[in-house]
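Structure first, then comments.
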Amino acid sequence: MASAPDLEKPSLPFPVRKKTPRELTVILPVLVFMLATLGLTSAFNLDTNLARVLTGPNRTHFGYSVALWADARNKYRLVVGAPKGTNSTDANGTIPLGNVHLCDPFAADCPAYLRLPKLSSEDASEPAISEGGLRAQGIGFGEAVFATDSASSKLAVCAPRYPRKATSYTALQPRGACFVLQDDSGAFVKVLPYSEECYYHQVCFKNTNVYTGYALHGFSVTMSEDQRNIYMGGPYAFYAQGQIARGKTGDGLVNTFNKKTYGVASLDYTLEGWAIAIGQFDGRQYSVAASTPAWSNSRGMVWFYNNRLSSRSLVSVFGEKNGDSFGYSLAAGDVDGDGATDLVVGAPLAQAPNQMLDHGRVYVHYAPTNKVSKRPRLVLVGKEAWGRFGHAVSCPGDLNQDGYDDVAIGAPFSDEGGVVYIYNGGANGLRAEYSQKIAASQFSAGLRSFGFSIDGGIDVDSNGHPDLIIGSPESDAAVFIRTAPVVNLVGSIEVEPRVIAMGNKSCSVGGQDVACFNITVNMQHRTKNVSRSLPMVFSIDLDSKYRRFAFVEGDAYRLVVQHDVRSVADNMLSLSKVAYVKEGRPRLDVPLLVSANVSLAPVSEPPHIPPGRREVPIVLDLLRPPVFEARARLECEDITTCYSKPDLILEPRPKELLIQEGNMEIEVMLQVLQATAYSVTLEATYPSVLTFSHVSGTRFLPKCRESLYVSERTQAKQICTYNELGKNLRVSMFFHFEYNPLTLLVYEERRLNVSFVAASEIPDRNEEDNSVTLSVPVVSRVDLYTEGVSAPDNVEARINETLSLREIVNVSKAAINRTQIGPETTHRFTVTNRGPSPLLAAKIEIRVPLEASNGWPLLYLVESPVMSPSLTCSSVPLNPKKFNLTSDRGRNNDASLAQGQSSLATPIPTKAAPTDTETPPTPTETPPPPTSQGRSKREVGNPADGDEGGDEDDDPSEGTTPPLSPPTSLPDEDEGARTPASGDQDQQAKADKKKMVLDCNTIECHVISCNVTSLLPDETVYLQFTTYITTATIKRIGFTSVALESSLFIETRQANVSVSRGNGRADASTANTHVTLIAQREGQASLKDVSLWKIFVAVLGALMLLIVLIAILHKLGFFKRKRLNEDQREMMKQSQKRRTQYME
9 MASAPDLEKP SLPFPVRKKT PRELTVILPV LVFMLATLGL TSAFNLDTNL ARVLTGPNRT
69 HFGYSVALWA DARNKYRLVV GAPKGTNSTD ANGTIPLGNV HLCDPFAADC PAYLRLPKLS
129 SEDASEPAIS EGGLRAQGIG FGEAVFATDS ASSKLAVCAP RYPRKATSYT ALQPRGACFV
189 LQDDSGAFVK VLPYSEECYY HQVCFKNTNV YTGYALHGFS VTMSEDQRNI YMGGPYAFYA
249 QGQIARGKTG DGLVNTFNKK TYGVASLDYT LEGWAIAIGQ FDGRQYSVAA STPAWSNSRG
309 MVWFYNNRLS SRSLVSVFGE KNGDSFGYSL AAGDVDGDGA TDLVVGAPLA QAPNQMLDHG
369 RVYVHYAPTN KVSKRPRLVL VGKEAWGRFG HAVSCPGDLN QDGYDDVAIG APFSDEGGVV
429 YIYNGGANGL RAEYSQKIAA SQFSAGLRSF GFSIDGGIDV DSNGHPDLII GSPESDAAVF
489 IRTAPVVNLV GSIEVEPRVI AMGNKSCSVG GQDVACFNIT VNMQHRTKNV SRSLPMVFSI
549 DLDSKYRRFA FVEGDAYRLV VQHDVRSVAD NMLSLSKVAY VKEGRPRLDV PLLVSANVSL
609 APVSEPPHIP PGRREVPIVL DLLRPPVFEA RARLECEDIT TCYSKPDLIL EPRPKELLIQ
669 EGNMEIEVML QVLQATAYSV TLEATYPSVL TFSHVSGTRF LPKCRESLYV SERTQAKQIC
729 TYNELGKNLR VSMFFHFEYN PLTLLVYEER RLNVSFVAAS EIPDRNEEDN SVTLSVPVVS
789 RVDLYTEGVS APDNVEARIN ETLSLREIVN VSKAAINRTQ IGPETTHRFT VTNRGPSPLL
849 AAKIEIRVPL EASNGWPLLY LVESPVMSPS LTCSSVPLNP KKFNLTSDRG RNNDASLAQG
909 QSSLATPIPT KAAPTDTETP PTPTETPPPP TSQGRSKREV GNPADGDEGG DEDDDPSEGT
969 TPPLSPPTSL PDEDEGARTP ASGDQDQQAK ADKKKMVLDC NTIECHVISC NVTSLLPDET
1029 VYLQFTTYIT TATIKRIGFT SVALESSLFI ETRQANVSVS RGNGRADAST ANTHVTLIAQ
1089 REGQASLKDV SLWKIFVAVL GALMLLIVLI AILHKLGFFK RKRLNEDQRE MMKQSQKRRT
1149 QYME
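Numbering (my numbering), first residue to last: 9 to 1152.
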């Protein structure tokens, strides 16, 4: 049945439905490529590759209605309505009365049937042709067409605006009419419900829109099963309440209507008769379904009448929501095969669940007039917004010939230029998912409104399957699609024996005995109108998931063969193949699944045959997947005979363990030969001083767990497992362990014994190479770096600013500043472990020259040394003279200390030191050291120069006692003020150039003993002490420059320990402080010796001189301002003006 057009109230006096889909207020979607839809649209048996696209005259709405027709002479026609066509005889080529095209399915011609429509003076339709409105709108001939699905059927073509020119009053009445044809010979029957000018209801009434003057009969049309009766919907009769008329197809007499007058006002413009369908909706009697899509705010409903229209059923179906236009289109068919006709109702304006507009819905009501329905209604929801899914619905018959009618649903305004969905029926009703999607873009990129009208039910190409035609009026086109025959396979697959004994190795494959079994495929096909054998491809899979089996032919788990399959009317194909159980360890708990997937072998068509005339290739029934399955199970009585024996080989790759960061790895190579190994275990036994971390590798990592059962308490065990390792597989893995480096240093055994044992569930072919024991040597290497730094490394000892030797020897109770003893210096010693192993223990000795050999203090300690917490050191003498000291150290000394500490990392040049067996050296002559930062720019004087300053440090024995010998008497105060004779000055000048080094090889030093424990890599320990250099002792030695040296010695019993020294000698790191004596020379005066009045006079004189200079300059005009003359001022203004213009 042809679909109804868009829902819209007509405007009077010429009530017409919407003329063209272009006038619909919808947004046309963007086209998609044809290839994007091929995978969807070629899913089942409507062959779109051989489809024929029919095109009609432009702007005639060719495709507005469509039908497949087998006329009285059994001649097949593709009927396409073009309601804007002008090619009929009465149209005279100018008036758009409309046309119907009767197209040959396999020829290129698609001519318009020129003999219709036919106007008559008897019914006053011919005089109406002169009306301007009719010339503009036409009569809509071809807007509705209908033909039954039977052979030798009749064709109804309707003109819902078929006119009548009223004579008693001026009016053009579009009452509507239909024309019934038996063939294309020219004979027809006109069915005109109202041919008289009056509307007779007991009396004659003026036939306006109040009655049937504007009824538009033929807006929808259907015929009875015996084709004797035609039913015409007139939705605009009786204030658009609608009316259904029944006429005779033999003589055109209309004698039955469902109503004779209008009803209550609430039914105005409900448009009953917009769409009609006929069927046995209760399974017994034929009845007519008539929709009223505008009922209740366009909620919509469907009424049911008996086939004589004399009574209405108490049963009706309703829409869900206002505005859905439920009943916009109707179709009838038995989709569940129960013998009762089911009703398909379209609601194209329904919203989607996400509230998007015009998705559309289609409702399937099973046996709607049955009092007790077998199943609830089915609701199908559109796929796209604005697509208007359900605009056209059709039951084109049983497309796949499975015994159930199918349904075609159009969505003409979808994004692909229009889409038609095919839903197949079944025993449980219509399938909820479509089996095929046919898009307009598959045929032509320019098609629009594809799916506006749909019809089928006629087997045009005589292959036993009904075909389909789809209209696309916006493009003036229609598409004829033939249906492919559907092949149904009948058969089975068998496995013999059903229980496969793995120990029964009755076959030999590749020289190895295996267990075999047989697979037999039995197959026939059932295809309507096809009795010949069909070539088919069999793809037989054996246990595709686990692949435990293989075919002897091809030695693979999948076998693909091609054979001809005979029809069910002939003998069955029996295909037998031999398979076997592959070596290894197949799972016994999982049954064997054998599946055979059958497909049609490709058949080439002769290239010279046009596509429209080619035979549609057959297809398999995709609703019943052509997959056949069978199951069997494995049985094993003795595991040693069922499973193949692998050969596991362990290959260790040992290397020594260098104690460092606490991580250790051992590489093990596991190789599988001969056969696949299952349930493989790898046991690793190792000393408990190690802690297992994880296993790493590139692939095939095992799962490991700790075993609580070990033979010795000093050992630990890890059990690592594999489910399966394939044949000829080599797996490299690294076992990672962690350890405490200090624990390994005291480990009694200097080797770590680690053993590995591999095994599978089947005894190994050669167990001798399944285990290995590694003896990993434990090695430590330590690189110690020692360094000594003095901060500052150069100091000045000012003779007149420090205590004299007498004051040092005879200590008074008066408070003194620490710097009065002498300049401050700090010696810092560090020991750094550069790794890679930790240092377990070491002894450090720091030797410091605290006293000269005569007992006088040299480096004076007043504070305890500062050291690392990990050091434990012996005590040192602090403030042995018991001075009453203050804490002020002086600003210069603090700055020097800060500068020296910031440069502790700078290595100091080393110098060789004598061994313990050598004689202590005598003082050597070296150039004096450079002046330290902050030292004043004065020359270094000799020791005698300091006597003139009044020091009290003169030798009481007048130079007869050696400088470093113990004192025999205290220095005399008076002798300290004497000046040396002029004859001794040359000898003193030589002494100025001498420098003496005081180290532990020259004098006896104090030893600070320290113990170091657990010095980890990159850790550092330090000890630093701050001393004050006794200036009086340095002066008494008799040298202007003295180097004081402390040294660090380190000793350890740990093996493989090397010591690098940043500075000092080969056996020790040293910290050297160079001391330079500074004394004030004769005649050198200080600012504090100048009188205050002299300074005042000098400043006053300078001010007077400045005033005289200013007066002279003023007199000479130096401060006078030079004035510009007139020309210079003018030049200045011009220059300023140009600068301003330039800036603008």
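Glycine included, every Cβ here is placed at the ideal spot set by N, Cα and C.
task = Taking 7 Å as the cut-off, decide whether the C-beta atoms of Thr257 and Lys162 are in contact.
result = yes
message = For the beta strand (DSSP E) containing Pro1, name the first residue and the last one.
response = Here the chain has residues from 9 to 1152 only, and residue 1 is not among them.
ask   = Taking the alpha helix (DSSP H) that Val817 falls in, what are its first and last residues?
value = Leu813 to Val817
query = What does Gly465 pair with, by DSSP beta-bridge criteria?
reply = BP columns for Gly465 are empty, so no partner.
ask   = What is the residue span of the alpha helix (DSSP H) that Ser304 lies within?
value = Trp303 to Ser306
key: Three-way DSSP call (helix, strand, coil) for Lys1145 in this model   = helix
key: Cβ contact (3+ pairs, closer than 8 Å) linking the stretch 116-133 and the stretch 177-192   = yes
query = Out of curiosity, what's the CA-to-CA distance linking Thr706 and Ser740?
reply = 8 Å
query = Between the C-alpha atoms of Arg1173 and Ser687, what's the straight-line distance to the nearest angstrom?
reply = Residue 1173 is absent from the model: the chain starts at 9 and stops at 1152.
query = Ile1103 lies in the alpha helix (DSSP H); which residues open and close that run?
reply = Leu1100 to Lys1123
inquiry  = Quick check: the Cα distance between Ile829 and Pro885, rounded to an integer number of angstroms?
reply    = 16 Å
request  = Would you mind reading off the limits of the alpha helix (DSSP H) that contains Leu142?
outcome  = Gly140 to Gln145
query = Would Ala683 pass as a contact of Lys735 if the rule is Cβ separation under 7 Å?
reply = yes
task = For the alpha helix (DSSP H) holding Val1039, just list the boundary residues, first then last.
result = The question names Val, but residue 1039 in the sequence shown is Thr. Here the alpha helix (DSSP H) through Thr1039 covers Thr1039 to Ile1045.
request  = Throw me the rounded Cβ distance for the Arg738 and Gln679 pair, which I believe falls under 8 Å.
outcome  = 5 Å
message = Could you pull the DSSP bridge partners for Trp77 from this structure?
response = Arg85
message = In the DSSP assignment, the alpha helix (DSSP H) including Phe246 goes from what residue to what residue?
response = Ala245 to Ala248
key: Proximal residues to Ser539 (C-beta, below 7 Å), its chain only, five neighbours per side dropped   = Ser575 and Ala577
request  = Please report the residue range of the beta strand (DSSP E) in which Phe742 lies.
outcome  = Leu737 to Glu746
query = Would Ile1103 be called buried (16 or more neighbouring beta carbons within 10 Å of its own) or exposed?
reply = exposed
task = Would you mind working out which of Pro376, Asp366 and Ser306 sits nearest Tyr313, comparing C-alpha positions?
result = Pro376
key: In DSSP terms, what Thr693 is bridged to   = Lys725 and Ser763
message = Is the separation between the beta-carbon of Ala90 and that of Asn107 shorter than 7 Å?
response = yes
inquiry  = Can you find the residues in the same chain that come closer than 7 Å, C-beta to C-beta, to Thr269, ignoring five residues on each side of it along the sequence?
reply    = His209 and Phe246
message = Just to check my reading of the structure: Gly335 and Val353 have Cβ atoms closer than 8 Å, yes? What is that Cβ distance to the nearest angstrom?
response = 6 Å
ask   = Roughly how far, in whole angstroms, is the beta-carbon of Ile1086 from the beta-carbon of Ala799, given that I think they are within contact range, below 8 Å?
value = Going by Cβ atoms, the distance from Ile1086 to Ala799 rounds to 20 Å, so no, they are not a contact pair.
inquiry  = Taking 7 Å as the limit between beta carbons, can you name the residues of its chain near Ala638, skipping five residues before and five after?
reply    = Ile501, Glu502, Val503 and Val602
task = Determine whether the Cβ of Pro662 lies closer than 7 Å to any Cβ atom of chain C.
result = Considering every chain present, this structure includes no chain C. It has just one protein chain.
inquiry  = Quick check on Arg855: does DSSP put it in helix, strand or coil?
reply    = strand
Where Ile137 falls: helix, strand or coil (DSSP) = helix
key: Cβ neighbour criterion (16 or more within 10 Å) applied to Ala273   = exposed
ask   = For Pro619, does the three-state DSSP call read helix, strand or coil?
value = helix
key: CA-to-CA distance, Ala167 to Thr220, given in whole angstroms   = 15 Å
query = Taking Ser196 as the reference, which of Leu127, Tyr202, Ala297 and Arg622 has the closest Cα?
reply = Note on identity: in this sequence residue 196 is Phe, with Ser being the wrong assignment. When only C-alpha atoms are compared, the closest one is Leu127.
query = Taking the alpha carbon of Glu815 as the point to measure from, which residue in Gln1149, Pro865, Ser337 and Lys92 has its own alpha carbon closest?
reply = Pro865
key: Inter-residue CB distance, Ala298 and Ala339 (contact presumed, cutoff 8 Å)   = Not a contact, Cβ separation roughly 14 Å.
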